[in-house]
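**Q** Here's a structure for you.
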Amino acid sequence: MLNADGLRTPLLYFVCVLRLVYFPHSASAANPPDAPAVILIRNATILTVSHGTIEHGSILIKDGKIAEVGASINAPKDAQVIDAAGQFVMPGIIDCHSHIAAESVNEGSVSVSSMVNMAEILNPDDIDIYRDLAGGVAAANILHGSANSIGGQTLVIKLRWGQPAAKLPFEGAIPGIKFALGENPKRSNFSVPGQPKRYPATRMGVEETIRGAFSEARDYKKTWDDYNKRAAGEKNLIPPRRDLRLEPLVEVLEGKRYVHSHCYREDEILMLLRVAKEFGFRVRTFQHVLEGYKVADELAAAGVGASTFSDWWAYKVEAYDAIPYNAALMTRRGVVVSINSDDAEEATHLNQEAAKSMKFGGLSNDEALKLVTLNPAIQLGIDKRAGSIDVGKDADLAIYNRDPLSAYAVVQKTLIDGRVYFDRQRDIAERSEREKEKKALIDKLKKSAEKKPEEKKPDATVPIGQKPAEKKPEEKKPEEKSRKKNPNRPQRAASARRPFCPGVRCEPRANSRSSPLPPLLH
Amino acid sequence: MSRAQIRDRLLCLLYFINFLYLLNPANAVAQIQPPTTYALTHAKIFTLAGSTIEDGTLIIRDGKIAAVGAGLDIPSGAQVIDAKGLQVYPGLFDSITQMGLREIGAVSATVDSAESGGYNPDVVAATAVSPSSEHIPVTRAASITEVLAVPASGGMDSFGSQGVIGGQAAAIHLSGWTIDEMLIKKSAAMVLNWPEIETQTFDFATFSRKEKPYSEAKQEYEKQVTEITDWLERARHYAQAMEKGSAAKYDRDLKLEALVPVVRGELPLLVFADRSREIRNVVEFCDKQRLRMILAGGSEAYKLKDLLRSKGVPVILRPMLTLPLDEDDPYDRLLSQPAELAAAGVKFAFASFDNSFARRLGQNAANAVAYGLPYEEALKAVTLYPARIFGLDGQIGTLEQGKLANLIVTNGDPLELTTDVKYLFIKGQLTSMDNRHLRLYEKYSKRPKAQ
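Going line by line, the protein sequences match chains A and B. Here the first sequence is numbered in this note's numbering, starting from 2 and rising by one per residue. Here the second sequence is numbered in this note's numbering, starting from 36 and rising by one per residue.
Below, the structure is given as structure tokens:
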């Protein structure tokens with residue numbers, strides 16, 4: 002048998018060496034910041050989201066939690082003071098649909114891939130974590146893709162840039178599972194040459210795939226329930242064999258795992274609600290849900306959250322009835338609505354995307370802010386700890402230079418658990434040092450390459466795990482160098498050609514990392 | 036029956052016939068002649084040509100701006116719009132879209148934005164623009180009064196090849212019953228997708244990622260550049276044949292004929308390139324070939340700002356709502372680029388590059404202001420500058436006497452997310468802002484509460 006670990010260790014070693022060689026600075030920049038025990042943010046306009054706006058207000062943070070919020074708080078003598086005069090503080094943004102920090106996104110080979118888990122493939126070094134952090138995002142729901150009716154297990158993370166993967170998960174957040182309805186699971190817009198069409202190929206089949214899986218899960222649950230009942234009294238009872246595919250679905254039936262279902266059309270939304278009723282589980286959120294406005298009453302009655310885009314439309318048939326009024330219309334009918342990114346770039350300006358619902362549908366400032374703070378927190382079951390500026394909640398905050406509901410606002414700082422994980426001034430200040438360091442390394446590499454010209458060969462194929470050192474002499478221009486910095490990473494050059502391409506709909510960056518399939522819509 | 040009675044009955048009959056005729060909606064529309072003269076009064080007018088007028092009047096007559104100023108006399112018969120508290124700006128110009136060429140990205144039957152084959156200088160976007168595309172009214176409602184419909188310019192369906200010479204881009208008004216009524220300029224630029232040295236490519240035939248050595252990728256790149264050079268060389272010869280001989284003396288070649296205005300320097304090339312190496316190469320190439328060039332994309336234009344300024348190459352910038360190209364680029368690399376280019380004296384405009392996202396044009400420009408671009412430059416980069424870059428500033432781009440009345444009346448800054456457009460004029464016509472999204476909104480707002 003192949004020893005996977007045996008192969009993995011040299012590979013990891015290679016990656017580590019490469020990172021040290023090429024990203025010495027990003028490694029050091031990624032050190033988690035120190036957290037002073039007590040921080041006072043003062044003179045700020047505080048957008049609490051839950052109880053209005055406080056002008057010239059202060060927030061006292063103790064041990065990562067919000068200890069006090071008010072008009073004037075005296076600084077305890079050991080406090081680090083952040084003077085936010087003229088600035089706006091809002092709760093850290095929560096992105097209810099993200100694919101950052103993931104080494105792969107779609108296990109699209111089967112129609113039910115509930116056995117795979119995003120928690121196992123978290124990549125804490127994904128630069129998109131930092132970029133989204135710089136957009137005020139503090140937490141994100143990391144979802145599996147939408148290639149199958151029942152996708153993989155999902156989790157909520159905090160964007161603790163610099164911390165190892167084990168420190169990213171949002172403690173205590175209820176895990177989820179991705180479902181998907183419509184064109185993506187039926188593979189309407191994708192075909193792989195040489196591969197036969199997969200079941201389901203219609204919305205009818207999508208329903209039956211889900212019903213089939215839950216029928217199995219019910220039986221499986223019963224088998225275990227029977228066993229557990231009997232095990233109390235009988236000795237030497239052999240437990241049933243574990244089924245890793247059905248276990249997460251049993252958790253759904255038991256209410257221990259949230260269902261986040263990708264969907265577009267009104268009919269498929271109602272379909273899943275019917276199936277959920279039949280099997281006795283709840284759908285926690287509908288994702289995208291671009292026709293949610295057509296069945297808003299049904300969504301409200303079912304108590305399901307809706308997480309949608311601000312204004313994407315017309316990229317496929319099921320997005321042709323998408324309207325930018327969706328969030329406002331559903332809100333007005335009593336649905337808890339959030340605006341998500343589904344894309345690392347879109348996540349850098351979710352505050353602006355939320356503001357669009359004021360123009361399209363007339364939401365108030367607070368209602369708009371809730372779309373990216375308190376509402377996604379409620380949807381993800383983390384509202385006791387995040388989503389508003391209230392005493393006792395985690396000190397996850399985004400500080401802007403002006404009202405975040407404006408296209409002119411720029412994030413100045415993002416705090417998570419009371420630590421300043423992003424600081425715009427610090428980022429700018431460190432740039433020249435980084436450039437210097439990068440240049441020195443490039444020079445060093447060039448020199449070392451010049452020393453061994455005899456190794457300069459046409460670089461046909463480099464076996465995995467071997468350093469392609471002989472490539473270096475050919476790379477003369479610095480920009481060429483930067484493209485090749487890490488062969489294990491996707492090359493963004495390819496996407497550069499493609500005009501404005503918000504990830505998901507075209508080529509999700511996270512996806513391209515692991516899968517050769519280009520246009521998978523999540 | 037008296038003569039008067041007969042006359043009255045005849046008149047009645049005539050009215051009735053006319054009424055029946057008008058009942059047919061097509062005839063009714065044809066019958067309505069909208070006013071030709073408008074007066075916008077008490078508005079704050081941002082002319083973008085000189086100073087802003089605080090309490091101004093703008094007179095529109097026969098499609099054009101007849102006068103702009105303070106305290107102007109209102110012509111008799113003019114429809115007066117009291118714009119007190121409102122602001123008037125030139126309509127926005129989105130200079131790279133696939134407007135009317137692509138309806139639904141994933142449905143090829145609705146997509147006419149890129150022809151097959153590598154060299155299509157003779158294909159003309161104006162031919163395939165669908166005047167009844169739902170994108171047009173949606174985009175119009177976002178303050179945009181004119182766009183460039185650009186073939187082979189990518190966008191969301193662009194998984195395959197866009198070809199090298201992609202065809203002719205058309206400048207169009209976002210209003211008109213036919214393409215002829217919409218056209219500002221049928222051929223405003225020739226699209227050139229400049230080749231890249233690509234060591235990693237995606238092969239759609241086998242659905243797999245291919246890697247090749249740099250030397251091989253470079254060879255392929257050079258081969259493509261030679262091909263482009265060859266096309267231009269042949270076009271020059273063709274131009275000479277056209278000038279010197281009669282039509283009977285040479286075989287007509289539609290592709291070469293289409294390239295003649297390019298080699299004569301009459302038609303600019305709209306060149307898509309993002310990486311600094313490709314930008315440098317193509318700028319030098321066009322300089323050597325004495326071709327007019329507009330750069331499109333330009334994600335790394337900042338690295339070559341001196342070259343771009345000295346050669347007078349303007350840039351249509353890819354939306355900053357895109358992540359930086361490289362992992363170790365500063366996170367705001369694209370957001371801060373416009374300010375850097377402006378300071379260096381490089382001319383540029385913003386564009387959506389995708390009509391589904393056209394309504395983010397103003398947002399894009401505002402984001403550049405947030406990262407250091409002077410506000411007025413941002414506003415001009417979505418109005419005057421694109422008009423100037425495509426040689427249309429004699430007709431559009433500012434609010435000046437004699438220009439086409441393509442303008443918006445708003446309740447605030449047109450670049451801000453929450454601003455509403457109250458009135459929109461295209462070619463002097465008060466134009467509806469009704470659109471698919473608004474209609475669906477109104478329809479479903481009225482859905483009775485579900486049982």
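Virtual Cβ for every residue (Gly too), placed ideally from N, Cα, C. Quantities reported herein were computed from a predicted structural model and do not represent experimental measurements.
Using the C-alpha atoms, what's the distance from Trp229(B) back to Arg310(B)?
**A** Cα to Cα, Arg310(B) sits roughly 11 Å from Trp229(B).
**Q** May I ask which residues mark the beginning and end of the beta strand (DSSP E) holding Ala307(A)?
**A** Note, Ala307(A): beta strand (DSSP E), Gly306 to Thr309.
**Q** Among residues of its own chain, excluding the 5 on either side of Trp225(A), which ones have a beta-carbon nearer than 7 Å to its beta-carbon?
**A** Once the five neighbours on either side are set aside, the close Cβ partners of Trp225(A) are Pro241.
**Q** When DSSP labels each residue in this structure, what does Arg13(B) get in the three-state scheme?
**A** This structure cannot speak to residue 13(B), because chain B is shown only from 36 to 486.
**Q** Going along chain B, which residues have a C-beta under 7 Å from Tyr409(A)?
**A** Neighbours of Tyr409(A) on chain B, chain order: Ala401, Val404 and Ala405.
**Q** Name the one or two DSSP bridge partners that Leu91(A) has.
**A** Per the sequence presented here, residue 91(A) reads as Met, with Leu not at that position. Per DSSP, Ala399(A).
**Q** Does the segment 186-203 of chain A come within contact of the segment 267-279 of chain A, defined as at least 3 CB pairs closer than 8 Å?
**A** No, the segment 186-203 of chain A does not touch the segment 267-279 of chain A.
**Q** With Ile130(A) as the anchor, note down where its alpha helix (DSSP H) starts and where it stops.
**A** Ile130(A) -> alpha helix (DSSP H) spans Ile128 to Leu134.
**Q** With DSSP collapsed to three states, give me the class of Glu451(B).
**A** Correct three-state label for Glu451(B): coil.
**Q** For the alpha helix (DSSP H) containing Met134(B), name the first residue and the last one.
**A** Per DSSP, Met134(B) belongs to no alpha helix (DSSP H) and is neither H nor E.
**Q** Output, in chain order, the set of chain B residues within a Cβ distance shorter than 7 Å of Asn1(A).
**A** Lying before the first or after the last residue shown, residue 1(A) is absent from chain A, which here runs from 2 to 523.
**Q** With respect to the alpha helix (DSSP H) encompassing Val295(B), which residues constitute its N-terminal and C-terminal limits?
**A** Counting along the chain, the alpha helix (DSSP H) containing Val295(B) begins and ends at Leu289 to Val298.
**Q** So who's on the other strand from Pro170(A), going by DSSP bridges?
**A** In the DSSP output, where bridge partners are listed per residue, Pro170(A) has Ile158(A).
**Q** As a quick exercise: from Val444(B), Glu233(B) and Lys258(B), pick the residue whose alpha carbon is nearest that of Pro248(B).
**A** Nearest option by C-alpha distance: Glu233(B).
**Q** Looking at the unbroken beta strand (DSSP E) that takes in Ala276(B), where does it start and where does it end?
**A** Unbroken run through Ala276(B) is the alpha helix (DSSP H), Tyr249 to Lys279; no beta strand (DSSP E).
**Q** Quick check on Met91(A) - is its C-beta less than 7 Å from some C-beta in chain B?
**A** Cβ-Cβ to chain B under 7 Å: no for Met91(A).
**Q** Which whole runs of the beta strand (DSSP E) in the segment 378-443 of chain B are 3 residues long or more, in chain order?
**A** Here the runs fully enclosed are 383-385.
**Q** Determine the chain B residues that contact Gln353(A) at a beta-carbon separation under 7 Å, and present them in chain order.
**A** Residues of chain B passing the Cβ test: Gln398 and Leu452.
**Q** Less than 8 Å between C-beta atoms, sequence neighbours within five positions excluded: which residues of the same chain meet that for Lys484(B)?
**A** Answer for Lys484(B): no residue qualifies.
**Q** Which term fits Val106(A), buried or exposed, when burial requires 16 or more other beta carbons within 10 angstroms of its beta carbon?
**A** It counts as buried.
**Q** List the residues that DSSP assigns as beta-bridge partners of Cys264(A).
**A** The partner list for Cys264(A) (beta bridge, DSSP) reads His289(A).
**Q** Anything in chain B within Cβ reach of Ala356(A), meaning under 7 Å, just list it in chain order.
**A** In chain order: Leu452 and Thr453.
**Q** Using a Cβ-Cβ cut-off of 7 Å (strictly less than) and excluding sequence neighbours within five positions of Glu89(B), which residues of its own chain qualify?
**A** Here the set comprises Lys79.
**Q** For chain A, check one thing: does any of its Cβ atoms lie closer than 7 Å to the Cβ of His472(B)?
**A** Output row for His472(B): interface = yes.
**Q** One question on the structure: do Gly93(A) and Ala38(A) come within less than 7 Å of each other, judged by their Cβ atoms?
**A** Result no, Cβ atoms of Gly93(A) and Ala38(A) do not sit closer than 7 Å.
**Q** Near Thr466(B), what residues of its chain come up, given a Cβ to Cβ distance below 6 Å and the 5 sequence neighbours on each side ignored?
**A** The answer, listed in chain order, is Ser210 and Leu459.
**Q** So if I threshold CB-CB distances at 9 Å, which residues from the segment 152-173 of chain B count as touching chain A?
**A** Within the segment 152-173 of chain B, the residues whose Cβ lies closer than 9 Å to some Cβ of chain A are Glu169, His170 and Val173, listed in chain order.
**Q** Here's the rule: buried if 16 or more other CB atoms are within 10 angstroms of the residue's CB, otherwise exposed. What is Thr261(B)?
**A** Exposed, since its Cβ has fewer than 16 Cβ neighbours within 10 Å.
**Q** Quick one: which unbroken alpha helix (DSSP H) runs of 4-plus residues sit fully inside the segment 363-395 of chain A? Chain order, please.
**A** Counting only runs of 4 or more, we get 366-371 and 375-380.
**Q** Are there three or more Cβ pairs, one per stretch, closer than 8 Å when the segment 150-167 of chain B is compared with the segment 392-401 of chain B?
**A** Touching, no.
**Q** Any contact of the segment 156-172 of chain B with the segment 413-428 of chain B, i.e. 3+ C-beta pairs under 8 Å?
**A** These segments do not touch.
**Q** In angstroms, rounded to a whole number, what distance separates the CA positions of Thr264(B) and Leu360(B)?
**A** Whole-angstrom Cα-Cα distance: 29 Å.
**Q** Check whether chain B comes within 7 Å of Glu346(A), counting only Cβ atoms and requiring the distance to be less than that.
**A** Yes - at least one Cβ of chain B is within 7 Å of the one on Glu346(A).
**Q** Going by DSSP, what residue range makes up the beta strand (DSSP E) through Gly234(A)?
**A** Counting along the chain, Gly234(A) falls outside any beta strand (DSSP E), though it belongs to the alpha helix (DSSP H) covering Arg204 to Gly234.
**Q** Would Ala113(A) pass as an interface residue toward chain B - the criterion being a Cβ-Cβ separation below 7 Å?
**A** The residue asked about is misnamed: residue 113(A) is Val in this sequence, not Ala. No, Val113(A) lies away from the interface with chain B (no Cβ there is under 7 Å from its Cβ).
**Q** Decide yes or no for the touch test of the segment 125-139 of chain A against the segment 157-164 of chain A: beta carbon pairs closer than 8 Å, at least 3 of them.
**A** Output reads yes: the segment 157-164 of chain A touches the segment 125-139 of chain A.
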